[in-house]
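Those letters in the sequence shown? Residues 1 to 160, by full-length UniProt numbering. Worksheet for the structure shown next.
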Amino acid sequence: SKPAPSATSSTSNGLFNKQAPPTGSWTCDTCWISNKEADSRCAACQSPKPTSSGAPATPKMNINVDDNLRKKFAPPEGSWECDTCMVNNKGSDTKCVACETAKPGANSTASKTPAFGASSSTFPVLEKFAPPPGSWTCDTCMIVNKAEHLKCLACETPKP
């Protein structure tokens, strides 16, 4: 019988050597691209070549944020942020437009509790999304099916 081929002989001269980075090349710490030894910056992302200590020689960058841009995203003067849902509300709102929590310090009859757990009668629009009477939910795919269907319309699992 023949001896089994050696793994080292097939990998030492084959495809692996062709794919190995050239001697002296360096790998970019940012994008992992292999670069030539003489290159001081990465050919792909322009990150500086790491120094011999291993820390990249990154110059300090000054980021100048335009005040006009900052002002465009600033909340309007007099507005308030809801403590419950973090939505920004107009100063004239006595309760949060999203969850109906009362404005802090406001003397109003607005609900003191958020409306997240409110019944559908509190919000009539929710009744439009309620499942039809007698409908059933498929245990397999969670699709709501009409009462008259004997198997799920989506996955054909029999009605329980």
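We put the beta carbon where it would ideally sit given N, CA and C, even for glycine. In this text, all values refer to a predicted model and were calculated from it rather than measured experimentally.
Where the alpha helix (DSSP H) containing residue i begins and where it ends
i	result
K71	D67 to F73
V125	P124 to E127
Pair within 8 Å by beta-carbon distance, residue i and residue j
i	j	result
P158	K146	no
C28	N35	yes
C155	T140	yes
S25	E37	yes
Spatial distance of residue i from residue j (CA atoms)
i	j	result
S135	K95	37 Å
A74	D67	10 Å
L150	V97	43 Å
E148	L126	24 Å
I143	K128	17 Å
K18	V87	58 Å
A110	G91	Since pLDDT at A110 reaches only 44, below the 50 mark, its modelled position is unreliable, and no value is offered.
Reference residue i; option with closest CA among the options
i	options	result
A39	T30, C31 and K49	It is worth fixing the name first, because residue 39 is Asp in this sequence and not Ala. Comparing Cα-Cα distances from D39 to each of T30, C31 and K49, the minimum goes to K49.
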